[in-house]
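Asks:
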Amino acid sequence: MRWCAGIVNHGSYDDLEGCLASLAKQTRGAAAVSVYDTGEDPDRFEALRLGHPDVMFESGPNLGYAGGANRVIAQLLESAKPVDFVLVMNPDVELEADHAERLCDAMADDPGVAIGSGKLLRPDRKTIDSAGIVIPRHRRPRDRGSEKTDDGQFDATERVDAASGAAMMLRTAAIDDLAIEGELFDESFFAYHEDTDLCWRARLFGWYVLYEPSAVGLHRRGWQRDRRTRVPVETRRHSFKNHYLQLVKNETTGGFVRNLPWLLTWEVLRLGFVLLRDHWMATAYLDAMRALPEARRKRRLIQARARRANHDLF
């Protein structure tokens, strides 16, 4: 199984160095590696480019994770020899040496899988960052096992609701099917939830998402529960609005009615938190309203192609 890797970088040059080093050590080498950089530090970018002559580097405007990932995937598929899988990554992820080999083989054994991920741990190698993602009845995605000690409780290969975009493997044969009007990741999201939005759409289109625990990676993760306020307000607003956009795009009428009590309870709690603790997020409701017409238009395209009923998903 041939694979390639793309990284979206926004100022994380120290992390990027470690990420590239881990890719170079893979037991099954990548056919190509590409980096899309937002140009925060041209000198550091140039130094990395010279230090990694086998890696394709491109510098451009900040398109968010979604736009950067689309750009780097397109570059890889245009420039690399035919590959079976594309790994998209954040720069703050370092992979164990056999990560790609184990994940590619696991996905190859299950041809219904379009998207795969391994077990992501925090740098201490004991704390779980993400063992796949669950989409509960209130529809707010959660990383399985996040911040819990890894005691082997997620050591089974299994299909899951979604995968983290921090290190997501895509089957190239599924990419065109998953794209909406040429976009794989929805660029109106800019950042956050574009990964779960894609996975939800993949599930609707009849594909599956696979979790392979033997493919291990380390994720430093900038957004953690105890560091939430350190994340720029503008970035958190994207996350806030995108929760509603993915719901509008992907939820079915039956699923909405069936889960309405959980949805309403969550929204009441969320509004209360905004009013009492995080009033900076109030304008994110307006951001969501402004993006609603476009989300509804995309919903019509998605639901027209859906192959599986919502009750078959989660």
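Okay, so the sequence shown: first residue is 8 according to our numbering, each after it adds one. Beta carbons: idealized from backbone N, C-alpha and C, even for Gly. Only a predicted model underlies this, so the values are computations on that prediction, with no experimental measurement involved.
By Cβ distance below 6 Å, which residues in the same chain neighbour PHE288 in space, the five residues on each side in sequence not counted?
Replies: A small fix is needed here, since residue 288 is Met in this sequence, not Phe. Here the set comprises PHE247, VAL281.
Asks: Identify the residues that DSSP records as bridge partners of ASN97: which are they?
Replies: Answer is none; ASN97 lacks a bridge partner.
Asks: Do ILE182 and ASN257 have their CB atoms nearer than 8 Å?
Replies: The answer is no: Cβ separation not under 8 Å.
Asks: If the criterion is Cβ atoms closer than 8 Å, does the pair CYS11 and LEU83 meet it?
Replies: Taking 8 Å as the Cβ cut-off, CYS11 and LEU83 qualify as a contacting pair.
Asks: Measure the alpha-carbon distance for HIS250 versus ARG147 and round it to whole angstroms.
Replies: Distance between the alpha carbons of HIS250 and ARG147: 7 Å.
Asks: Short of 6 Å in beta carbon distance, which residues of its chain neighbour ALA107, apart from the five on each side in sequence? Order them along the chain.
Replies: Around ALA107: TRP10, GLN33, ARG35.
Asks: Quick check on ARG166: does DSSP put it in helix, strand or coil?
Replies: In this structure, ARG166 counts as strand in the three-state DSSP scheme.
Asks: Name, in chain order, the residues that DSSP records as bridge partners for LEU217.
Replies: Paired residue(s): GLY123, ARG166.
Asks: Could you work out which residue in GLY67, HIS17, GLY224 is closest to THR134 when comparing CA atoms only?
Replies: Ranking GLY67, HIS17, GLY224 by Cα distance to THR134 puts GLY224 first.
Asks: Touch check for the segment 166–176 and the segment 128–144: three-plus C-beta pairs under 8 Å?
Replies: Cβ pair count under 8 Å is three or more, so yes.
Asks: Give the secondary structure of SER246 by DSSP, where H, G and I count as helix, E and B as strand, and everything else as coil.
Replies: Three-state DSSP puts SER246 in a helix.
Asks: Would you call the CB atoms of ARG51 and ALA121 closer than 8 Å?
Replies: Not closer than 8 Å, so no.
Asks: Does the Cβ-Cβ distance between ASP48 and GLY74 come in under 8 Å?
Replies: Contact: no.
Asks: In this structure, how does DSSP classify HIS106 when only helix, strand and coil are distinguished?
Replies: Three-state DSSP puts HIS106 in a helix.
Asks: Taking C-alpha atoms, which residue in GLY125, GLU274, MET63 lies nearest to ALA87?
Replies: Per the Cα distances, MET63.
Asks: In the DSSP assignment, what residue or residues form a beta bridge with THR179?
Replies: None, per the DSSP bridge assignment.
Asks: Near GLU103, which residues of its chain fall below 6 Å by C-beta distance, leaving aside the five closest residues on each side in sequence?
Replies: So the list reads VAL223, once near-sequence residues are dropped.
Asks: To the nearest angstrom, how far is the alpha carbon of ALA313 from that of TRP214?
Replies: Whole-angstrom Cα-Cα distance: 11 Å.
Asks: So the candidates are GLU219, ILE187, PRO98, PRO118; which of them puts its Cα closest to the Cα of ALA28?
Replies: Closest by alpha carbon: PRO98.
Asks: Contact check, LEU191 vs ILE80 under 8 Å by CB: the rounded distance?
Replies: At roughly 6 Å, the Cβ-Cβ gap stays under 8 Å, so LEU191 and ILE80 are in contact.
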